[in-house]
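Chemist:
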Amino acid sequence: MAIYHMQAKVVSRGSGRSAVAASAYMSCSRMYNDYDGIQHDYTRKHGLIYQEVLLPPMASPEWKDREQLWNAVEAAEKTKDSRLAREFVVALPVELDKDSNISLLKDFIQKNFVDMGMCADFAIHDTDGHNPHAHILLTVRPLNENGTWQYKTEKEYLCIKNGEEKGFTATEFKAAQKDGWEKQYRYKVGKKKVYMTASVAQEKGYDRIDKHPKSSRYGRQNPISEQWNSDEQLCIWRANWADTVNEMLAHNQINASIDHRSFADQGITEQPTIHEGYIAQNMEKKGMIADRCEINRQIRADNQMLRELKAQVEKLAQAVKNSIPVIAETMETIRNHMIFTQYHLLHNEMQKEVIHDWMNHFNPILNKYNTVKKKLKAKVTERKELNVEKEKTSILNPIQHIKLNQQLTTVTEEIEELKSRKEQLIFQAQCSTDKDMMNLSKKYDQMNNNLDILDSQDISLKKQLEKDAVAFREEKFRPDPEQYTELLDTRIQIRPDFRDKLIEQLKGTFGKYYDYHRRDIAANEVDYLNVEDPDVFSHRAWELKYQRKREIRRNQPAQSKKKSHDMEL
Numbered sequence: 001m002a003i004y005h006m007q008a009k010v011v012s013r014g015s016g017r018s019a020v021a022a023s024a025y026m027s028c029s030r031m032y033n034d035y036d037g038i039q040h041d042y043t044r045k046h047g048l049i050y051q052e053v054l055l056p057p058m059a060s061p062e063w064k065d066r067e068q069l070w071n072a073v074e075a076a077e078k079t080k081d082s083r084l085a086r087e088f089v090v091a092l093p094v095e096l097d098k099d100s101n102i103s104l105l106k107d108f109i110q111k112n113f114v115d116m117g118m119c120a121d122f123a124i125h126d127t128d129g130h131n132p133h134a135h136i137l138l139t140v141r142p143l144n145e146n147g148t149w150q151y152k153t154e155k156e157y158l159c160i161k162n163g164e165e166k167g168f169t170a171t172e173f174k175a176a177q178k179d180g181w182e183k184q185y186r187y188k189v190g191k192k193k194v195y196m197t198a199s200v201a202q203e204k205g206y207d208r209i210d211k212h213p214k215s216s217r218y219g220r221q222n223p224i225s226e227q228w229n230s231d232e233q234l235c236i237w238r239a240n241w242a243d244t245v246n247e248m249l250a251h252n253q254i255n256a257s258i259d260h261r262s263f264a265d266q267g268i269t270e271q272p273t274i275h276e277g278y279i280a281q282n283m284e285k286k287g288m289i290a291d292r293c294e295i296n297r298q299i300r301a302d303n304q305m306l307r308e309l310k311a312q313v314e315k316l317a318q319a320v321k322n323s324i325p326v327i328a329e330t331m332e333t334i335r336n337h338m339i340f341t342q343y344h345l346l347h348n349e350m351q352k353e354v355i356h357d358w359m360n361h362f363n364p365i366l367n368k369y370n371t372v373k374k375k376l377k378a379k380v381t382e383r384k385e386l387n388v389e390k391e392k393t394s395i396l397n398p399i400q401h402i403k404l405n406q407q408l409t410t411v412t413e414e415i416e417e418l419k420s421r422k423e424q425l426i427f428q429a430q431c432s433t434d435k436d437m438m439n440l441s442k443k444y445d446q447m448n449n450n451l452d453i454l455d456s457q458d459i460s461l462k463k464q465l466e467k468d469a470v471a472f473r474e475e476k477f478r479p480d481p482e483q484y485t486e487l488l489d490t491r492i493q494i495r496p497d498f499r500d501k502l503i504e505q506l507k508g509t510f511g512k513y514y515d516y517h518r519r520d521i522a523a524n525e526v527d528y529l530n531v532e533d534p535d536v537f538s539h540r541a542w543e544l545k546y547q548r549k550r551e552i553r554r555n556q557p558a559q560s561k562k563k564s565h566d567m568e569l
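Position one of the sequence shown corresponds to residue 1 (UniProt numbering), numbered consecutively onward.
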């Protein structure tokens with residue numbers, strides 16, 4: 001099934017990435033980065049289907065070699081946090097064959113990126129034959145007609161004239177200076193540092209303390225770069241990708257399409273699922289519960305319940321107004337959804353208790369371990385300093401040697417004691433090495449993050465519970481008062497089927513963690529929220545059952561008499 005996925009990222013040195021490494025990864029090749037002297041080798045990576053470099057007319061033909069292209073990009077950027085490249089990851093339609101996907105991707109890249117002046121390096125991956133996707137790496141610095149790089153931002157000086165402040169680039173300032181605009185510098189005025197023009201400062205006799213003129217914080221962005229970096233342009237690219245894919249699907253007579261718009265913009269009330277990733281899926285295969293998969297299970301269950309509710313609403317709209325069977329079925333459907341939501345809240349509460357217990361157990365151990373580790377590091381440093389001091393001390397100063405030896409002995413004993421204490425803490429944490437303790441600390445941070453996720457999920461679930469409670473009350477008071485008994489009897493008749501559906505849904509969502517005691521608690525809390533007395537419901541169910549038994553007994557004698565009369569005949 002064709003899906004829409006287009007993820008935009010920026011490759012930046014500030015995040016520890018390099019354009020050469022990104023290109024080597026997606027092309028499954030070996031590339032050397034001249035900037036930092038690191039060779040990136042991804043030749044063992046599998047799943048590469050196709051790769052190519054597309055260049056605009058003004059780019060150097062040598063850049064067809066991606067190693068030369070991205071090393072040229074790295075050389076053009078000087079700062080430690082430079083933005084090196086823009087990266088897109090797009091999902092390709094699984095319905096199309098390899099050649100169609102290549103043609104589709106090249107056409108999109110040429111029209112949307114290369115024709116705008118960007119150099120594009122792209123590759124198609126598909127590791128398992130079911131997930132074709134493409135990585136697109138683009139240059140972010142525009143090119144001049146002679147093939148040299150343009151500036152991304154230019155220094156903008158904040159100049160002043162008659163009390164008005166305005167920004168000029170170095171080229172613009174040459175003309176503006178003739179019109180009376182002046183640069184501002186910092187001058188010392190008493191204990192303060194104030195920006196003013198040189199002419200004003202000279203009149204008042206102030207001393208300049210900084211040679212750099214006042215300028216805007218980020219400078220003036222290149223108009224071409226500004227367009228490429230804008231949110232509006234990203235929205236255009238997203239829409240163009242959907243249009244390009246849909247045209248190719250239609251050309252191949254495939255009855256499928258994709259949409260770049262969000263569910264809200266499309267008028268879809270269902271909640272979209274989140275990206276799980278291979279790490280979460282591998283955890284699930286090993287029997288562990290991944291937070292992202294758990295969230296998606298809840299989203300799918302909620303969407304399924306939402307679809308059922310919408311179907312019920314449509315059915316209700318077609319039924320006779322205030323029809324008791326329809327109202328009863330709608331009420332039980334809403335009640336089921338509320339019980340499911342309340343059960344999920346209780347399940348989250350149980351998970352949070354387990355996490356809190358785990359964190360309360362390991363938190364003091366980790367704190368003590370970190371304290372001991374810091375002290376041990378300080379003592380080791382102190383011992384090194386004492387040894388250095390001892391080596392520098394002349395042998396003609398025996399008293400100082402004796403003093404240093406005593407200090408070394410004391411520090412060494414303290415180090416051994418701290419090592420012993422550290423080993424005890426590692427043992428208490430059920431670990432064996434410092435690396436295990438580091439992993440335990442990471443796990444502790446992950447557990448803390450899980451608590452935040454569960455808290456956020458609880459807020460959404462409680463809001464949903466309140467909305468369902470309002471809908472339930474609206475349905476409850478729709479019939480006339482004299483119809484309440486009929487409504488109650490109808491709900492009693494259909495409740496067993498709804499209870500079976502609820503149990504099946506809970507088992508399907510929570511699997512081995514399903515607990516029928518927790519389900520009963522959730523049902524009681526929902527009935528309390530809906531101001532319904534379970535005892536009244538149970539008593540009326542018993543009355544109906546008793547009435548049916550009496551009717552059966554009343555009919556039995558008549559059947560016996562008829563049978564004996566037939567025998568006499």
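Even glycine gets a Cβ: it sits at the ideal position worked out from N, Cα and C.
If the criterion is Cβ atoms closer than 8 Å, does the pair residue 345 and residue 458 meet it?
Modeler: Yes; because the gap between Cβ atoms is below 8 Å, this pair is in contact.
Chemist: Once the 5 residues before and after residue 66 are set aside, which same chain residues still bring their CB inside 6 Å of it?
Modeler: Closer than 6 Å at Cβ, skipping near neighbours: 23, 53 and 121.
Chemist: Under 8 Å, do residue 249 and residue 239 count as touching if we go by C-beta distance?
Modeler: No, the pair does not count as a contact, with Cβ atoms beyond the cut-off.
Chemist: Tell me which residues share the same chain as residue 68 and place their Cβ nearer than 7 Å to its Cβ, disregarding the 5 neighbours each side in the sequence.
Modeler: Only 62 meet the Cβ criterion.
Chemist: Rounded to whole angstroms, how far is the Cβ of residue 225 from the Cβ of residue 140, which I believe are closer than 8 Å?
Modeler: About 7 Å; that satisfies the 8 Å criterion.
Chemist: Can you tell me the Cα-Cα spacing of residue 477 and residue 469, whole angstroms?
Modeler: In a straight line, the C-alpha of residue 477 is about 13 Å away from that of residue 469.
Chemist: Using alpha carbons as the reference points, say which of 526, 378 and 403 lies closest to residue 389.
Modeler: Of 526, 378 and 403, the residue nearest in Cα terms is 403.
Chemist: Give every residue of the same chain whose Cβ lies closer than 7 Å to the Cβ of residue 553, excluding the five residues on either side of it in the sequence, and list them in chain order.
Modeler: Once the five neighbours on either side are set aside, residue 553 has no close Cβ partner at all.
Chemist: Does residue 228 pass the burial test, meaning 16 or more other C-beta atoms within 10 Å, or should it be called exposed?
Modeler: Counting Cβ neighbours within 10 Å, residue 228 comes out buried, since at least 16 surround it.
Chemist: Measuring CB to CB, does residue 158 end up less than 8 Å from residue 216?
Modeler: Cβ atoms of residue 158 and residue 216: closer than 8 Å.
Chemist: Enumerate in chain order the residues of its own chain whose CB-to-CB distance from residue 104 is below 6 Å, with the five nearest sequence positions on each side excluded.
Modeler: 248.
Chemist: For the ligand SAH, is there any heavy atom lying closer than 7 Å to the beta carbon of residue 197?
Modeler: Summarising the ligand content, the structure contains no ligands, and the ligand SAH is consequently not present.
Chemist: Under the rule that 16 or more other beta-carbon atoms within 10 Å means buried, what is residue 406, buried or exposed?
Modeler: Its Cβ having fewer than 16 others within 10 Å, residue 406 is exposed.
Chemist: Considering just the uninterrupted stretch of the alpha helix (DSSP H) at residue 334, what are its terminal residues?
Modeler: First-last of the alpha helix (DSSP H) with residue 334: 324-392.
Chemist: State yes or no: is the C-beta of residue 502 within less than 8 Å of the C-beta of residue 348?
Modeler: Taking 8 Å as the Cβ cut-off, residue 502 and residue 348 do not qualify as a contacting pair.
Chemist: Which word fits residue 305, buried or exposed, when buried means at least 16 other C-beta atoms lie within 10 angstroms of its C-beta?
Modeler: With 16 or more other Cβ atoms within 10 Å, it is buried.
Chemist: Between the Cα of residue 484 and the Cα atoms of 536, 438, 520 and 465, which residue gives the shortest distance?
Modeler: Taking only the C-alpha atoms, the option nearest residue 484 is 536.
Chemist: Does the distance from the CB of residue 3 to the CB of residue 91 come in under 8 Å?
Modeler: In this structure, residue 91 lies closer than 8 Å to residue 3 by Cβ.
Chemist: Could you tell me whether the region 39-46 touches the region 12-31, where touching means 3 or more Cβ pairs closer than 8 Å?
Modeler: Touching, per the Cβ criterion.
Chemist: Would you mind giving the Cβ-Cβ distance between residue 373 and residue 435, rounded to the nearest angstrom? I have them listed as a contact below 8 Å.
Modeler: About 13 Å separates the two Cβ atoms, so there is no contact after all.
Chemist: How is residue 141 classed by DSSP in three states: helix, strand or coil?
Modeler: Residue state, collapsed to three classes: coil.
Chemist: Using a Cβ-Cβ cut-off of 7 Å (strictly less than) and excluding sequence neighbours within five positions of residue 13, which residues of its own chain qualify?
Modeler: Excluding residues within five positions, the ones whose Cβ falls inside 7 Å are 80, 81, 82 and 84.
Chemist: Contact defined as beta carbons within less than 8 Å: I believe residue 386 pairs with residue 408. What is the distance between those atoms, to the nearest angstrom?
Modeler: Yes, they are in contact, since the Cβ atoms of residue 386 and residue 408 sit about 5 Å apart, within 8 Å.
Chemist: Can you give me the start and stop residues for the beta strand (DSSP E) that residue 195 sits inside?
Modeler: From DSSP, the beta strand (DSSP E) with residue 195 extends over 192-197.
Chemist: For residue 364 and residue 513, what's the separation of their Cα atoms in angstroms?
Modeler: In a straight line, the C-alpha of residue 364 is about 30 Å away from that of residue 513.
Chemist: Please report how far the alpha carbon of residue 333 lies from the alpha carbon of residue 524, in whole angstroms.
Modeler: Each residue's alpha carbon lies about 16 Å from the other.
Chemist: Cutting at 7 Å between CB atoms, please list the residues of its own chain near residue 522, excluding the five before and the five after it.
Modeler: Closer than 7 Å at Cβ, skipping near neighbours: 339, 342, 343 and 346.
Chemist: Assuming residue 154 contacts residue 220 under a Cβ cut-off of 8 Å, what Cβ separation, rounded to an integer in Å, is found between them?
Modeler: Confirmed, Cβ separation roughly 5 Å.
Chemist: Please report the distance separating the alpha-carbon of residue 194 from that of residue 207.
Modeler: Using only the alpha carbons, I get a separation of about 11 Å.
Chemist: Just the Cα atoms here: how many angstroms apart are residue 377 and residue 393?
Modeler: Taking the straight line from one Cα to the other gives about 24 Å.
Chemist: For residue 35, list the residues DSSP reports as bridge partners.
Modeler: Bridge partners of residue 35: none, in fact.
Chemist: On the CB-based measure, 16 or more other CB atoms within 10 Å of its CB, does residue 27 come out buried or exposed?
Modeler: Per the 10 Å Cβ criterion, buried.
Chemist: Alpha carbon to alpha carbon, how far is residue 218 from residue 74?
Modeler: Cα-Cα distance, rounded: 21 Å.
Chemist: With burial defined as no fewer than 16 other Cβ atoms inside 10 Å of the residue's Cβ, what is the status of residue 96: buried or exposed?
Modeler: Result: buried.
Chemist: Can you name, in chain order, every residue of its own chain whose Cβ lies under 8 Å from the Cβ of residue 147, other than the five neighbours on each side?
Modeler: Within the same chain, residue 147 has close Cβ partners 58, 59 and 60.
Chemist: With 16 as the cutoff for other CB atoms within 10 Å, does residue 427 come out buried or exposed?
Modeler: That one is exposed.
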